[in-house]
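Read through the structure below, which is laid out as structure tokens, and then see the notes.
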Amino acid sequence: MAKQQQALQAIRGMHDILPEHSPRWQWLEAKAKQVLSAYGYQEIRLPIVEKTELFKRSIGEVTDIVEKEMYTFDDRNGDSLTLRPEGTAGCLRACLEHGLLHNQSQRLWYYGPMFRHERPQKGRYRQFYQLGVETYGMPGPDIDAEIILLTDRLWKNLGIRNKVELQINSLGTSAERASYRDILVTYFKQHIELLDEDSLRRLESNPLRILDSKNPAMQAMLAQAPVLLTHLGEESLAHFNTLKATLDAIGIGYQINTRLVRGLDYYGKTVFEWVTDELGAQGTICAGGRYDGLIEQLGGKANHAIGFAMGMERILALLEQTDNLALEAVADVYMIRVGAAAEAAGMQLAERIRDHIPGLKLVVNCDGGSFKSQFKKADKSGASYAIILGDDEVAQQVAALKSLRIEQEQTTLPFADLLNTLHHWHTN
Ligand code: ATP
Ligand code: MG
Numbered sequence: 037m038a039k040q041q042q043a044l045q046a047i048r049g050m051h052d053i054l055p056e057h058s059p060r061w062q063w064l065e066a067k068a069k070q071v072l073s074a075y076g077y078q079e080i081r082l083p084i085v086e087k088t089e090l091f092k093r094s095i096g097e098v099t100d101i102v103e104k105e106m107y108t109f110d111d112r113n114g115d116s117l118t119l120r121p122e123g124t125a126g127c128l129r130a131c132l133e134h135g136l137l138h139n140q141s142q143r144l145w146y147y148g149p150m151f152r153h154e155r156p157q158k159g160r161y162r163q164f165y166q167l168g169v170e171t172y173g174m175p176g177p178d179i180d181a182e183i184i185l186l187t188d189r190l191w192k193n194l195g196i197r198n199k200v201e202l203q204i205n206s207l208g209t210s211a212e213r214a215s216y217r218d219i220l221v222t223y224f225k226q227h228i229e230l231l232d233e234d235s236l237r238r239l240e241s242n243p244l245r246i247l248d249s250k251n252p253a254m255q256a257m258l259a260q261a262p263v264l265l266t267h268l269g270e271e272s273l274a275h276f277n278t279l280k281a282t283l284d285a286i287g288i289g290y291q292i293n294t295r296l297v298r299g300l301d302y303y304g305k306t307v308f309e310w311v312t313d314e315l316g317a318q319g320t321i322c323a324g325g326r327y328d329g330l331i332e333q334l335g336g337k338a339n340h341a342i343g344f345a346m347g348m349e350r351i352l353a354l355l356e357q358t359d360n361l362a363l364e365a366v367a368d369v370y371m372i373r374v375g376a377a378a379e380a381a382g383m384q385l386a387e388r389i390r391d392h393i394p395g396l397k398l399v400v401n402c403d404g405g406s407f408k409s410q411f412k413k414a415d416k417s418g419a420s421y422a423i424i425l426g427d428d429e430v431a432q433q434v435a436a437l438k439s440l441r442i443e444q445e446q447t448t449l450p451f452a453d454l455l456n457t458l459h460h461w462h463t464n
């Protein structure tokens, strides 16, 4: 006898989205698309795999992502490829490749899975979905404000605005960061005995990232560290102040978080995060910032860019705590067919109904069964109505229509009347 094969499982940290859960994803995606189109943002669809070099050059060698999180492999030609850990690099690569930044500005969004080899836990997965926005060609701070307003509107439309808080900071220009960096390193060296292993490693390569450390033993020391905001030049400060004034004028509250540096090397000037305290340690649902410098770094002409990415799983986790997820049933109408003649006529009738009422969700019972068992499935589908066809009905070219949700007498209707009745119900 053949040995039974062991069932295969998905890769750790990578999850199936089951049919039971996909409606809430679709609902969230639709809400997001609505807001994006209200601000005139266009979708760009990008490959999931890019050359490894793209991420190394853009994200920076000394970052969590490039140091330890990328899914990198050699393809059959020996080229080093990487499953995208984020969307900014690929989006910019595409825009440069296709000349989309030439004498024009762009407001773009992308959506899809990202891959990072992290330790899987609640809110942290190895395949996760991001919706990202990237804008090009606009120096800000008006566009900086716009993308924050857009996210604020999305939280409102999702009904989670009261669960999230906006944090902003400015990272200044690269020259300002460089001189601040020296001040910071001097400070850290005075407290070297307090630095953990990660921080010691970053002391020379990426000391700003130390500010981001979650290590409880380092918090008191970090709280006393010199603050980049107080070392900004006039232009960076003016940029930041105008952003704040715009948010103030529109009534968007924010916290200035002087230790918000973001994980990636390419940010400058405005950075922001939307955070919640309702998801434990994985509290950032959306993060972004300005990255003007990256464009030249990837071989483009000097230009401007700001964007953000939101983590869909974390937003859904927040939504699960509310009853805002207005989920639709699989079916509006479920067709029950019993008998050979009813099965044949029912399939044809269903097509007529779909022609007549586009948008109506009609499920036809397909695997036989008694009236009783088909009614059970009709009920489970969430349908409002059942169409009931037996061979008797077919002989008379009629069908029975029964409400599954409200007390209402079952009616028997000629096919043409059935179409009209359903049409009337569906459009009202
Ligand atoms: P974190 O500090 O949580 O590791 P990050 O700075 O690495 O986040 P970004 O690269 O800025 O995250 O990605 C933007 C958003 O994508 C995050 O704010 C988060 O909502 C989501 N995200 C990032 N990594 C993951 C992951 N491994 N699983 C699920 N969502 C994630
Ligand atoms: Mg991370």
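Under our numbering, read the sequence shown as residues 37 to 464, first letter to last.
Glycine included, C-beta positions come from ideal geometry on N, C-alpha and C.
Note that the structure is a prediction, hence the values are computed from the model and not measured.
Per-residue burial, residue i [other beta carbons within 10 Å of its own, 16 or more giving buried]
{"i": "T187", "result": "buried"}
{"i": "M520", "result": "Residue 520 is absent from the structure shown; the chain starts at 37 and stops at 464."}
{"i": "L244", "result": "buried"}
{"i": "L465", "result": "The chain is shown only over 37 to 464; residue 465 falls outside these bounds and no answer can be derived."}
{"i": "I84", "result": "exposed"}
{"i": "M346", "result": "buried"}
{"i": "G329", "result": "buried"}
{"i": "L279", "result": "buried"}
{"i": "C402", "result": "exposed"}
{"i": "Q166", "result": "buried"}
{"i": "P55", "result": "exposed"}
{"i": "K305", "result": "buried"}
{"i": "K199", "result": "buried"}
{"i": "T312", "result": "buried"}
{"i": "N242", "result": "buried"}
{"i": "T118", "result": "buried"}
{"i": "L363", "result": "exposed"}
{"i": "R441", "result": "exposed"}
For residue j and residue i, the rounded distance between their alpha carbons
{"i": "R162", "j": "K104", "result": "12 Å"}
{"i": "N277", "j": "Y172", "result": "21 Å"}
{"i": "S417", "j": "V366", "result": "6 Å"}
{"i": "E270", "j": "K397", "result": "60 Å"}
{"i": "G168", "j": "A338", "result": "22 Å"}
{"i": "A125", "j": "A377", "result": "59 Å"}
{"i": "V65", "j": "L190", "result": "One detail in the question is off: residue 65 reads as Glu in this sequence, not Val. Straight-line Cα distance between these residues: approximately 11 Å."}
{"i": "A256", "j": "A130", "result": "43 Å"}
{"i": "L185", "j": "I288", "result": "8 Å"}
{"i": "G49", "j": "D100", "result": "17 Å"}
{"i": "R213", "j": "H267", "result": "8 Å"}
{"i": "E309", "j": "L44", "result": "38 Å"}
{"i": "S210", "j": "D248", "result": "18 Å"}
{"i": "S272", "j": "Y327", "result": "14 Å"}
{"i": "E170", "j": "C322", "result": "13 Å"}
{"i": "A353", "j": "I53", "result": "14 Å"}
{"i": "W63", "j": "L72", "result": "14 Å"}
{"i": "F151", "j": "T358", "result": "28 Å"}
{"i": "G405", "j": "L455", "result": "25 Å"}
{"i": "R197", "j": "K69", "result": "18 Å"}
{"i": "L361", "j": "K67", "result": "11 Å"}
Neighbourhood of residue i by C-beta distance below 8 Å, restricted to the same chain and skipping five residues each side
{"i": "P450", "result": "Q433, V434"}
{"i": "R390", "result": "L396, L398"}
{"i": "V102", "result": "F91, K92, I95, G96"}
{"i": "L230", "result": "A253, M254, M257"}
{"i": "N293", "result": "Q203, I204, N205, E309"}
{"i": "I372", "result": "N401, F407, Q410, F411, A414, A422, I423, I424, L425"}
6 Å Cβ shell around residue i - same chain, five flanking residues per side excluded
{"i": "P175", "result": "H340"}
{"i": "E282", "result": "With the sequence shown as reference, residue 282 is identified as Thr, and Glu is not the correct amino acid for it. Within the same chain, T282 has close Cβ partners A181."}
beta-carbon residue i near ligand 2 non-hydrogen atom, thresh 7 Å
{"i": "D248", "result": "no"}
{"i": "D100", "result": "yes"}
Any non-hydrogen atom of ligand 1 within 7 Å of residue i CB
{"i": "C322", "result": "yes"}
{"i": "A419", "result": "no"}
{"i": "E154", "result": "yes"}
{"i": "F308", "result": "no"}
{"i": "A345", "result": "yes"}
{"i": "F91", "result": "no"}
{"i": "F109", "result": "no"}
{"i": "Q433", "result": "no"}
{"i": "Q530", "result": "Absent from the structure is residue 530, since the part of the chain shown begins at 37 and ends at 464."}
{"i": "Y161", "result": "yes"}
{"i": "R350", "result": "yes"}
{"i": "Q203", "result": "no"}
{"i": "T164", "result": "Checking the displayed sequence, the identity of residue 164 turns out to be Phe instead of Thr. Yes, since a heavy atom of ligand 1 falls inside the 7 Å radius drawn around the Cβ of F164."}
{"i": "E17", "result": "Outside the displayed range of the chain (37 to 464) lies residue 17, so it cannot be described from this structure."}
{"i": "E65", "result": "no"}
Contact with chain D by residue i, beta-carbon distance below 8 Å
{"i": "I286", "result": "Of the protein chains in the structure, only one exists, and it is not chain D."}
Cutoff 7 Å; reference residue i; Cβ partners in own chain excluding five residues on either side
{"i": "L458", "result": "V369, I389, I393, L396"}
{"i": "R298", "result": "V307, A323, G325"}
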